[in-house]
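Chemist:
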């Protein structure tokens with residue numbers, strides 16, 4: 114079934130995104146929040 118394949122790839126993608134998010138949070142954490150909020154606005 115195609116649906117099962119899609120679900121499987123979706124799950125693996127979600128796991129990768131979660132790992133990436135954790136790494137990003139670790140890298141971003143030391144920087145002040147106001148700096149990033151300013152960057153997002155521009």
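In my numbering, the protein residues as written are 114 to 155.
Yeah, the Cβ is synthetic: ideal placement off N, Cα and C, and Gly gets one too.
How is the alpha helix (DSSP H) around residue 138 delimited, first residue to last?
Modeler: Where residue 138 is concerned, the enclosing alpha helix (DSSP H) stretches over 115 to 141.
Chemist: Output needed for residue 141: all residues of its chain with C-beta closer than 8 Å, excluding positions within five of it in sequence on either side, in chain order.
Modeler: So the qualifying residues of the chain are 149.
Chemist: Report the rounded CA-to-CA distance for residue 139 versus residue 123, giving the unit in angstroms.
Modeler: Roughly 24 Å separates the two Cα atoms.
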